[in-house]
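Residue numbers (full-length UniProt numbering): 1 to 128. Using N, Cα and C, we set each Cβ at its ideal position, and we do this for glycine too. Predicted, not measured: the structure shown is a model, and the values here were computed from it. Below is one structure, written out as structure tokens, with a few remarks after it.
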Amino acid sequence: MTLNDIIEEFKNEFGIISNKFVVIEEDLINLSTSGKKYVYHPGVYVFFLEGVVVKVGRHLTNSRKRALEHIKDNTKNNEFEMASLKNNVKAKVLLFNLENPEDYHWSASVEMFLEKRLSPIIESKRKG
1 MTLNDIIEEF KNEFGIISNK FVVIEEDLIN LSTSGKKYVY HPGVYVFFLE
51 GVVVKVGRHL TNSRKRALEH IKDNTKNNEF EMASLKNNVK AKVLLFNLEN
101 PEDYHWSASV EMFLEKRLSP IIESKRKG
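Okay, here's the thing in structure tokens:
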């Protein structure tokens, strides 16, 4: 699987609704300093490492902030620890962020779809 495959899955499922989102691709090591437009908006984050989806999640106000909290808090399961990505130059993050923050409710649908479709290593404890 590639980052482009993930983006295509999203676009195919959400069609015209996908236009409400901006897809931001960032190296994890640059995410905290990213100045890309909409990076602070509500949305869904996907952690990706060498063809493997590590974690999918959402935040209803600032997806970048929440994504970075997983590294700081070392979200983990029996197989993988998020803190191991901190300085990994191969780790990527996709943000599917909403242009209009008032459309935040769409984040929940996108997260649930991507979680199911991508089967991340670290699954969400909440489904929905």
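- When Leu-49, Leu-94, His-59 are compared, the shortest CA-CA separation from Met-82 is found for Leu-49.
- Annotated three-state conformation of His-70 is helix, per DSSP.
- For Leu-98, the secondary structure class from DSSP, reduced to helix, strand or coil, is strand.
- Assignment of Phe-80 by DSSP, reduced to helix, strand and coil, places it in the coil class.
- Between the C-alpha atoms of Ile-71 and Leu-31 there is a straight-line separation of about 11 Å.
- If you ignore the 5 residues before and after Ile-29, its C-beta comes within less than 7 Å of the C-beta of Asn-87, Val-89, all in its own chain and listed in chain order.
- Taking a C-beta distance under 8 Å as the contact criterion, Lys-55 and Thr-33 do not qualify as a contact pair.
- Taking 8 Å as the cut-off, the Cβ atoms of Leu-85 and Val-46 do not count as close.
- Counting along the chain, no alpha helix (DSSP H) covers Ile-17, and no H or E run does either.
- A Cβ-Cβ distance of about 13 Å is found for the pair Val-23 and Arg-64, leaving them out of contact under the 8 Å criterion.
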